[in-house]
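S.K.: Going left to right, the sequence shown walks through residues 139 to 390 as my numbering numbers them. Take a look at the following structure, please.
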Amino acid sequence: EGLHARARSLVPHRKGYNHDLWDEHDQERLEQEQRDQSYVRCLSEKLDFLSPESLKTSSVTTSEDPSTFVEKTASQSPQGVNNVNGVNGINGVCVANPGSVGHPELCRRPCLHFNAGYCGHGSSCNFCHETHPQKAAKLDKRQREIMQNLHSKEAAALIFEYVKARVLQADIEGGQRLVDLLEVERKGADTTCIHPRDLRHLRKTMSRLNLYSLLGIFTSKSSLYPQEERSKVECIFQLMHEIREELISQNA
């Protein structure tokens, strides 16, 4: 009876079908194994370069008041930031792809494909290929709605202290001009319209963003500002990209 049950459970033989050949599910499993192996190999290579000293220069995570954040960040900042892979970051740039330029403060968001071990864009990728010890922070839906409803002055006031801290930490050439423009823009801002709890959560998230992401929050909605505000925001946006373009040209 057991033999008959086993026989009934077998896949019926189909004429002209070669059972020695793998089906599409076997192929998918093989490809997944290859991707997993590539990912593990990539992690191993990165860990070879990773050291406790490099982690000390990473972005600071805090939910403290902005003024306290500036003081602590400045006191911990190295002169010039280099990434952990031995490729220079903001000072003395020599990076492998455009998205990694200015790492860790002016680079783009981490490349998910590269972290998985297989970025098809390679040296032309516009996302960062360098090591980010912490998961990239981003605004949640509620925080994005709050930012959408703010004028440019209020938005500038929210990011100002964190931008100033990042510029001091990384010693970015031309960064002081960004701070000066934001200083002017934030004058007269009133952030009391934001609920204290929402404001606290916003500050916690902003303290984890790098300089490029902070300015991106401010400049991405420039088209929604009135015309007189838009020109100032676009000026800051242009200056940020000029700094990155200068770094790219130095790397060329």
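Idealized CB from N, CA, C, for every residue including glycine. Remember, it's a predicted structure, so these values are computed and weren't measured experimentally.
#1: State the start and end residues of the unbroken alpha helix (DSSP H) segment that holds E283.
#2: Tell me the start and end of each unbroken alpha helix (DSSP H) in the segment 285–328 that is at least 4 residues and wholly inside, in chain order.
#3: Would you mind sorting G240 into buried or exposed? The rule is 16 or more other CB atoms within 10 Å of its CB.
#4: Would you mind working out which of G258, C249, P248 and F265 sits nearest G237, comparing C-alpha positions?
#5: In the DSSP output, which residue or residues are listed as bridge partners for C266?
#6: Under a Cβ-count criterion, where at least 16 other Cβ atoms within 10 Å of its own Cβ denotes burial, should R102 be classed as buried or exposed?
#7: Starting from Y350, trace the alpha helix (DSSP H) in both directions and tell me its first and last residue.
#8: With DSSP run on the structure shown, which of helix, strand or coil describes K370?
#9: Short of 7 angstroms in beta carbon distance, which residues of its chain neighbour A294, apart from the five on each side in sequence? Order them along the chain.
#10: Within 10 angstroms of the Cβ of V231, are there 16 or more other Cβ atoms? Answer buried if so, exposed if not.
#11: Look up E384 in the DSSP assignment and say whether it is helix, strand or coil.
#12: For P271 and R346, I'd like the C-alpha separation in whole angstroms.
#13: Buried or exposed for Q307, going by 16 or more other Cβ atoms inside 10 Å?
#14: CA-CA distance, I332 and I284?
#15: Closer than 8 angstroms by C-beta to R335: which residues in its own chain qualify, once you throw out the five before and the five after it? Chain order, please.
#16: I'd like the list of long-range same chain contacts for K291, defined as Cβ closer than 7 angstroms, with 5 residues on each side in sequence excluded.
#17: How about C263 and F252: do their beta carbons lie closer than 9 angstroms?
#18: Would A275 and S351 qualify as a contact pair, given that the criterion is a beta-carbon distance under 9 angstroms?
#19: Measuring alpha carbon to alpha carbon, tell me which residue in M344, P242 and E380 is nearest D278.
M.R.: Taking the coordinates as given:
#1: That run of the alpha helix (DSSP H) goes K279 to Q286.
#2: For secondary structure counted as the alpha helix (DSSP H) over 4 or more consecutive residues, the segment 285–328 holds these complete runs in sequence order: 290–308 and 313–323.
#3: Here G240 is buried. Its C-beta has 16 or more other C-beta atoms within 10 Å.
#4: Nearest C-alpha to G237: F265.
#5: Under the DSSP definition of a beta bridge, C266 partners with P248.
#6: Residue 102 lies beyond the stretch modelled for the chain, which goes from 139 to 390, so this question has no answer here.
#7: Where Y350 is concerned, the enclosing alpha helix (DSSP H) stretches over L349 to T357.
#8: Assigned with DSSP and collapsed to three states, K370 falls in helix.
#9: Excluding sequence neighbours, A294 sits near L320, E323, R324, A327 and F356.
#10: Note on V231: pLDDT 42, under 50, position unreliable in the model; the coordinate value appears next. Buried is the call here.
#11: Residue state, collapsed to three classes: helix.
#12: Rounded to the nearest angstrom, the two C-alpha atoms are 12 angstroms apart.
#13: Under this definition Q307 is a buried residue.
#14: Cα to Cα, I332 sits roughly 8 angstroms from I284.
#15: Same-chain partners within the cutoff: there are none.
#16: Within the same chain, K291 has close Cβ partners E323, R324, G326 and A327.
#17: With respect to the 9 angstroms criterion, C263 and F252 are classified as neighbours on the basis of their beta carbons.
#18: In this structure, S351 lies closer than 9 angstroms to A275 by Cβ.
#19: Nearest to D278 by alpha-carbon distance, out of M344, P242 and E380, is M344.
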